[in-house]
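Below is one structure, written out as structure tokens; comments come after it.
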Amino acid sequence: MDKVLSNKKAIAIFILPPLILYSLLVALPVVWSFYYSFYSGTPGLKWEFVGISNYLKLFIDSNFKAALWVNVRYIAIVMLGQVGLGLALALMFEFWLKRFKSLVRTLVFFPVVLPTVAVGHLFAKIYEIQPNYGLLNSLLSAIGLESWVQPWIGQASTALYCLIAMDIWVAMGFYAIIFYGALLDIPGDIIEAAKIDGCSGRQLFFHILAPLLKPVTLTCLVFSFTGTVKMFESALALTGGGPGNATKSLSMYMYNVAFGYNNMGYGSVIAIFVFVLCFTGARIIRSFDESY
Amino acid sequence: MKTVKSVLIKITILILCLIEAYPIFWMLTASFKQQHEWVSKPAYALNSSFHFQNYIDAWTRGHMSTYFFNSLVATLGALFFIVYFSVTVGFVLTKMRWKMRKKVAIFFDMGIMVPIATALIPLFQIYNRANLLNSRVGLILVYIAFGLSLSFFLVSSYMRSLPREILEAAVIDGCDIYRLMWHIVMPLMKNAVMTILVLQFFFKWNDLLFSMTFISSSNLKTVQTGLLYFETEFGAKNWGAIFASVSMSVMPLLFIYILLNRRVIEGLTSGAVKG
Amino acid sequence: MKRKLLAVILIVCLSLAVFSGCGKDEGNQNSQANGDGGTMNTSDFTGEDPQLEKHIKILSIWAEDNDNGILINNILQRYKDQVNPNFSYEYELVSADDLKTKIATLASSNDLPDFFAYESGTPLKEMVEADKVLNIGAELERVGAMDMMNPSAVSLLKSLAETNELYDLPLGLNVEGFWYNKDLFEQAGVEPPTTWDEFETVLAKLHEAGIQPLSCGAGDKWGATRLVNAYTVRLLGNNAMTAAANGDAKYTDQGYVEGAAKIQEWADKGYFGQGVTTVDMNTAGTMLCTDQAAIFYNGSWFTSNLNDPTYNQTGEDGIGFFNIPVVDPSVSDSNAYSMNCGNILAMDKEKYDDGTAWFLKYFVEEIGNEAMSTQGSVKGYVYTVEEGEMSNYTQLVLDRLKDAESAFAWYEAKMNAEVSTVAQENVQTLINGDMTPMEYMESIQEAYDLSR
């Protein structure tokens, strides 16, 4: 048995192709990015070594700070929303949903399968105000809440939150299903026993379910985090980063700098920053697992 | 008291279903609206007739047929390899014995955390020099590379729960490693494969960043990039056609989802993501 | 085990070498084939086309069935069919947003297409400085086609790129100004204004009559910065933006701030309707043509929409035009128009040879007529075709072109990419009132200083 499992030739055959592909296209670029971050300009056109000053530029770059702030708010609220609402939905499935279980679960998962650009177009039309009221505004107007009609994605105060709402709508079904699966795994007897013992809903949740759900929750948080750090497609499709830079994320800013201003060097700095952010955040979340 | 509570619950569930389903329902009905209906009637009004011309426009003038084909080729091409690699490498990394195993496993694991943005610029340079820009092969390769980490992650928990006895029995029966892989492991991994297939299909079909950066000629564009630039080709006035194209881009996914939804959910719930 | 690791590293290095080798070899081959080969020795272009074998690549932002795409493709096809059967071409389309990136990549690997669409002004200037583009002016002289160029277009392009020679081919000769809906004007009882004070009165009256005075493509950003430009130039003169770009003036000087303040003032008064930052140029134009807004600023390329009855519901004579109203005629008068040449065509310097030269000659000779007869539009070339029966709107534009005595460029013409992005992004914030006019101009000045 061990001989079979240690067959070196087989290991090489199986591992090498994907390893090479992965190293070349995923690992190497990260290192390369790091190397680029010490230069400015575009290779072939004005490429010069600037060393640390590229990184120092981050501190005085107001565009970077603005994008960072957008990203941070987005990450925080979307993570909470997606995972939190996902959990709430899962609990609802488990305890409140008696009939039509399959249908409701299917419906809830629907938005997850939609392409982001399609959702962006759809919501742009929902939030529209000029020349005609989009779905949201026309509904508000129809039920008499005319004063609430406003340019949802046209003004900086609401644009980001509309984007956040859209992304939570899309993904909460995904997390709901994951949590639901985890809930199913919890032996029914424990819950029964708790109920017999007179546990209230809240106690049931906090003392029994929460600890059992902890590993799943952490995994979901990591998924959600890595997804939200990369904030790009949905923002691009819905608002293009506007108005002003109210919905411009770090990834979008990086894209602009690298491909719009042709400053791949500085763009790489931002890219490295995003990577570090992603890595650190994931580590922090995962650390809750061990320490407990 | 109980009936009030149950009524409240029912209402909440109803509202939930509405919130989830109404935008899609609206999108589908709106895609049949004619041009003037957008201006003369409020947005929530139902379509007055089934103006199929929108779909025809989107398919032909809007080049949706081309985009569909491209997305399909890229996605399926990548999927095939992702599945193959996931199972084989997953097995090698979890079950087989060799010195670097742990290190390589961590190496792959870190890929989950690499944001595409970080790799984009160097990838662009690499592809430029290798003449892979604007090519199907290039897109498929990068899809595979970035799909590996997550797939391994999903596969490993399944792998760990593979009963050793079955493997041992097979070896005693005279299986070498290759037969073991194809005839024993693969079939046992059906659930995992299903999950990966569906998940990665969604991810790759939805990809925007890679196709936007690496593909520029319009006859190689995928659905997402095609959709993004749809407005500029059609003009914002033709919302009917835009919605028709959006609906069309959604159809295959909905279709697959309805067919396989049970499997997907089972796959996700039964062990893929347990942490 | 160490061997395995070594093997992996070796393979990685090998692959890298192969990849980098691949690209470079092709590049070298290309330049050897076309660059210094013996095909640049014709000095006589007066005879028949020698039908040299030539394959050219064109990178365009217009689809084959749209706008300039139609014209270019017609000419390419005709050249191949009627003049030089040994000619072949590849027409590639890229979106306007991706254009600069694509060109930058191609430029850095010495692989620019023979012809490519590009932006005049500062972007082209950077190309000229990097010695990547052909001196088209000199070539036109050599092939004897310089007289097919409209002199205003030539001088406009030269001043935009700040060069003494011509480095690009125009694909439009456009004037810009305010298009207005005649019915709505009549409803409110107003006439097209000539002075700025009259303009303000007109706007106020339209607003009082319950008509949305202005539609604006603030979603596309440049639609709004054009308005800022309009007032700024009228206040400070044609060279306002050039002066600031040269450092002779500061963006934060009073006139510039007033320009920004004007658009905010209009937004506050509700002249743009609600949520104008979500409206793109196309929608804004539609609003003008469907009686939903009274005035819309755009360029003369708008006529292709106006001539389209499915777009323009006001008929053949429903829309009128007035130039940007004047504040002080001694600073900027009513014959000063905002003008541009649209996106231009530049040519790669390295791949240029006689085969290209003959096609260039044909192109320049044909395009004036092609544009006028197919689309009734002026592209900056001389045309011999009868102006003939043309639509009211096209005639209107032609009259204005003849009327123009001096020209100024658009807001971002002299800005580099970073400054231009700031100016455009923040105009939305300015319109929303989340930034004061002074803050807006300061952000532009800051971007300018940082990028120096």
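Chains A, B and C supply the protein sequences, listed in that same order. Numbered by my numbering, the letters in the first sequence go through residues 100 to 391 in order. Numbered by my numbering, the letters in the second sequence go through residues 5 to 279 in order. Numbered by my numbering, the letters in the third sequence go through residues -9 to 442 in order. C-beta: ideal position from N, C-alpha, C; glycine also.
What are the residues that DSSP puts in a beta bridge with C/E166? Here residue 166 of chain C is taken as the residue at index 176 of the third sequence, counted from 1. C/E166 pairs with C/G289 and C/S328.
If we ignore side chains and look at the alpha-carbon of each, how far apart do A/F374 and A/I159 end up? If you number the first sequence from 1, residue 374 of chain A lands on position 275. If you number the first sequence from 1, residue 159 of chain A lands on position 60. Cα to Cα, A/F374 sits roughly 20 Å from A/I159.
Could you give the residue range of the alpha helix (DSSP H) that holds C/H197? For the purposes of this step, residue 197 of chain C is taken as the residue at position 207 of the third sequence. Segment W186 to E198, the alpha helix (DSSP H) holding C/H197.
Do you know whose CA, among C/D158, C/L217 and C/Y261, lies nearest C/V247's CA? Within the third sequence, the letter at position 257 stands for residue 247 of chain C. Out of C/D158, C/L217 and C/Y261, C/L217 has the C-alpha closest to the C-alpha of C/V247.
When you compare each of A/A217, A/I371 and A/N236 to A/L157 by their alpha carbons, which one comes out closest? Counted from its first residue, the first sequence places residue 157 of chain A at position 58. When each option's Cα is compared against that of A/L157, the closest is A/I371.
For the alpha helix (DSSP H) containing C/E429, name the first residue and the last one. As a first step, residue 429 of chain C is located in the third sequence; it is residue number 439 there, counting from the start. Taken as a continuous stretch (DSSP letters only), the alpha helix (DSSP H) holding C/E429 covers P427 to L440.
Is it the case that the region 226 to 233 of chain A contacts the region 245 to 265 of chain A, given that we only count it when at least three CB pairs across the two stretches are under 8 Å? yes
Using 8 Å for Cβ pairs, my map puts A/F209 next to A/K200. What's the rounded Cβ distance? Counted from its first residue, the first sequence places residue 209 of chain A at position 110. Counted from its first residue, the first sequence places residue 200 of chain A at position 101. Not quite, the Cβ-Cβ distance comes to about 15 Å (not below 8 Å), so this is no contact.
What in chain B is Cβ-close to C/V133, meaning under 9 Å? The sequence position of residue 133 of chain C within the third sequence is 143, counting from 1. Near C/V133 there are no residues of chain B at all, since even the closest Cβ is about 31 Å away, more than 9 Å.
Residues of the region 273 to 291 of chain C with Cβ closer than 7 Å to any Cβ of chain A, in chain order: T273, M277 and Q282
Distance between beta carbons of A/L337 and A/G396, contact taken as under 8 Å: No statement about residue 396 of chain A is possible, as the shown extent of chain A runs from 100 to 391 and does not include it.
Kindly indicate the opening and closing residues of the alpha helix (DSSP H) around C/L83. On the third sequence, residue 83 of chain C is found 93 positions in, with the first residue counted as 1. Counting along the chain, C/L83 falls outside any alpha helix (DSSP H), though it belongs to the beta strand (DSSP E) covering F77 to L83.
Reducing DSSP to helix, strand and coil, say where B/I176 ends up. Counting from one through the second sequence, the residue named residue 176 of chain B turns up at place 172. Three-state result, B/I176: helix.
Where A/Y134 meets chain C, residues with beta-carbon distance less than 9 Å: Counting from 1 along the first sequence, the entry for residue 134 of chain A is found at position 35. Near A/Y134 there are no residues of chain C at all, since even the closest Cβ is about 13 Å away, more than 9 Å.
Spatial distance of A/A264 from C/N164 (CA atoms): Taking the first sequence and counting its residues from 1, the one referred to as residue 264 of chain A is at position 165. Taking the third sequence and counting its residues from 1, the one referred to as residue 164 of chain C is at position 174. Roughly 43 Å separates the two Cα atoms.
B/F95 Cβ short of 8 Å to the ligand SAH heavy atom set: Although the ligand SAH was asked about, the structure shown includes no ligands whatsoever.
Whose CA, out of B/G142, B/L97, B/I170 and B/V118, lies closest to the CA of B/V108? Stepping through the second sequence from its first residue, residue 108 of chain B is reached at position 104. Minimum Cα distance to B/V108 is reached at B/L97.
Give the single residue among B/N223, B/L76 and B/K99 whose Cα lies nearest to the Cα of B/R168. In the second sequence, counting from the first residue as 1, residue 168 of chain B sits at position 164. Here the closest residue by C-alpha is B/K99.
Helix, strand or coil: which one does DSSP assign to C/I314? In the third sequence, residue 314 of chain C corresponds to position 324, counting from 1. Looking at C/I314 - three-state DSSP - the assignment turns out to be coil, as it is neither helix nor strand.
Do you know whose CA, among A/L118, A/Y154 and A/L124, lies nearest A/F137's CA? Here residue 137 of chain A refers to the residue found at position 38 when the first sequence is read from its first residue. Taking only the C-alpha atoms, the option nearest A/F137 is A/Y154.
So that I know if they touch, is there some Cβ in chain B lying closer than 9 Å to that of A/C298? Numbered from its first residue, the first sequence carries residue 298 of chain A at position 199. Output row for A/C298: interface = no.
CB-CB under 6 Å to C/A283, same chain, minus the five flanking residues each way: which ones, in chain order? The residue you call residue 283 of chain C lines up with position 293 of the third sequence. Result list for C/A283: Q202, S205 and M277, in chain order.
Against A/Q229, what residues of chain C qualify as contacts under a CB-to-CB distance less than 7 Å, listed in chain order? Taking the first sequence and counting its residues from 1, one reaches residue 229 of chain A at position 130. What A/Q229 touches in chain C: G263, Q264, G265, V266, T268 and V269.
At 8 Å on the CB atoms, spell out the chain C contacts of A/N361, in chain order. Within the first sequence, numbered from 1, the residue matching residue 361 of chain A stands at position 262. Under the 8 Å cutoff, chain C gives K90, T91, A94 and A407.
DSSP three-state call for B/H55: helix, strand or coil? Numbered from its first residue, the second sequence carries residue 55 of chain B at position 51. Here B/H55 sits in coil by DSSP.
Within the continuous alpha helix (DSSP H) that includes C/L42, where are the two ends? Taking the first residue of the third sequence as position 1, residue 42 of chain C is located at position 52. Counting along the chain, C/L42 falls outside any alpha helix (DSSP H), and DSSP gives it neither H nor E.
Go through its chain and collect everything with a Cβ distance to C/G11's Cβ below 8 Å, but skip five positions before and after it. Against the third sequence, residue 11 of chain C aligns to sequence position 21. Bear in mind that the predicted position of C/G11 carries a pLDDT of just 33, short of 50, making it too unreliable to give a figure here.
Once DSSP output is grouped into helix, strand and coil, what is the label at C/F35? In the third sequence, residue 35 of chain C corresponds to position 45, counting from 1. Reduced to three states, the DSSP call for C/F35 is coil.
Can you check whether the CB of A/L206 is closer than 9 Å to the CB of B/G21? Mapped onto the second sequence, residue 21 of chain B falls at position 17. Mapped onto the first sequence, residue 206 of chain A falls at position 107. The question names Gly, but residue 21 of chain B in the sequence shown is Cys. Yes, Cβ-Cβ distance for B/C21 and A/L206 is below 9 Å.
What alpha helix (DSSP H) runs, 4 residues minimum, are completely inside the region 111 to 169 of chain C? 112 to 119, 126 to 133 and 141 to 151
Who are the Cβ neighbours of B/S253 in its own chain at under 7 Å, not counting the five residues just before and after it? Reading the second sequence from its first residue, position 249 is the one you call residue 253 of chain B. For B/S253, where only same-chain residues beyond five positions count, the Cβ hits under 7 Å are V227 and L231.
Using CA coordinates, which residue listed in A/A111, A/L320 and A/V269 is at the minimum distance from B/Y26? If you number the second sequence from 1, residue 26 of chain B lands on position 22. The residue with the shortest Cα to Cα distance from B/Y26 is A/V269.
Nonlocal neighbours in the same chain, by C-beta distance under 8 Å from A/I140, ignoring five residues either side: Taking the first residue of the first sequence as position 1, residue 140 of chain A is located at position 41. A quick correction: the sequence has Gly, not Ile, at residue 140 of chain A. The answer, listed in chain order, is W146, E147, N361, N362, M363 and G364.
Interface flag, B/R101 vs chain C, CB-CB below 9 Å: Counting from 1 along the second sequence, the entry for residue 101 of chain B is found at position 97. With 9 Å as the cut-off, B/R101 does not count as an interface residue toward chain C.
Chain-ordered neighbours of A/W131 on chain B, where CB pairs are closer than 9 Å: By one-based count along the first sequence, residue 131 of chain A stands at place 32. Here the neighbours are A123, I125, P126, L127, Q129 and I130.
Short of 7 Å Cβ to Cβ, which residues in the region 356 to 384 of chain C face chain A? none
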